[in-house]
Each structure stands twice: as structure tokens, then as C-alpha cells.
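*Asks:* Residue 37 is where the sequence shown starts when you use my numbering, and the numbers rise one by one after that.
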Amino acid sequence: LDTSSVASAGSPALKAQLDESLLKVNDLERQLQERERQLETLVTRSTATVEENDCLRDKVEELERKLAEKVQEERQRQVTESNQAGTAKALQAALRKAESKAK
């Protein structure tokens, strides 16, 4: 904004007001630019945080899947052991019965 044309019109008080207003506008513009930079920084940080959260969520889901597989494998192993123990007991009982008949 050019205040010289106002000054040449002859009103020093008006020129002073205009100069003061121009300083305020420039200061407000500087503040706005600073806030825009701060906002850009916050958006960048937020985006990075979202990406980190997505990555961590993927890792957690993978670990949960692996844990579920391990739990299933352990349950299957326990069932197999239980079945084998039951079969062994049945065979021992049949063997004792056969031995007692043989006597």
C-alpha cells in the first residue's frame, strides 16, 4: 500500500493513521504466515503419527494371528497327548485282562 499519495493530499493525521494501519496489516500478515507454518508442521506430525499407528496396528494384528496359531497348535497337541494317554490306558487294561485270562 502506498501512503505517499495520501500524504501529498495534505492530511498528516490521515497519513499517520494509514501508516499505523499498514504496520498492523503487515504484522497480522506475518502472524498468519507463522500460524500457517505451525499448522503445516502439525499436519506433517499428525500424518506421521497416523502412519506409525497403522504400522503398529499391522504388527499387532500379525502377532495376534501368530498367537492364535500357536494356541491352536498347543490345543491340538494336548488333545493328541490326551488321546494317546487314553489309548495307552486302554491297551494296558486289555493287556492285563489278557494276562489274567492266560493264567
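By construction, the Cβ of each residue, glycine as well, lies at the ideal position given by its N, Cα and C atoms.
Note that the coordinates shown come from a computational prediction; the quantities given were computed from them, not determined experimentally.
Taking the continuous alpha helix (DSSP H) assigned at Ser-47, which residues delimit it?
*Replies:* Taking the sequence shown and counting its residues from 1, one reaches residue 47 at position 11. Run containing Ser-47: none; DSSP gives neither H nor E here.
*Asks:* Between Glu-56 and Leu-68, what straight-line distance do the alpha-carbon atoms span, to the nearest angstrom?
*Replies:* What you label residue 56 is simply residue 20 of the sequence shown in a count that begins at 1. What you label residue 68 is simply residue 32 of the sequence shown in a count that begins at 1. For Glu-56 and Leu-68, the distance between alpha carbons rounds to 18 Å.
*Asks:* Check Lys-106 in the structure and name its three-state DSSP category.
*Replies:* Translated into the one-based positions of the sequence shown, residue 106 becomes position 70. Three-state DSSP puts Lys-106 in a helix.
*Asks:* Going straight from the alpha carbon of Lys-137 to that of Leu-131, what length do you get?
*Replies:* On the sequence shown, residue 137 is found 101 positions in, with the first residue counted as 1. On the sequence shown, residue 131 is found 95 positions in, with the first residue counted as 1. For Lys-137 and Leu-131, the distance between alpha carbons rounds to 10 Å.
*Asks:* Can you name, in chain order, every residue of its own chain whose Cβ lies under 6 Å from the Cβ of Gln-21, other than the five neighbours on each side?
*Replies:* No information on residue 21 is available, as it lies outside the stretch 37 to 139 that the chain covers here.
*Asks:* For Lys-102, which residues of its own chain have a beta-carbon under 7 Å away from its beta-carbon, when the five flanking residues on both sides are left out?
*Replies:* For the purposes of this step, residue 102 is taken as the residue at position 66 of the sequence shown. Hits under 7 Å: none found.
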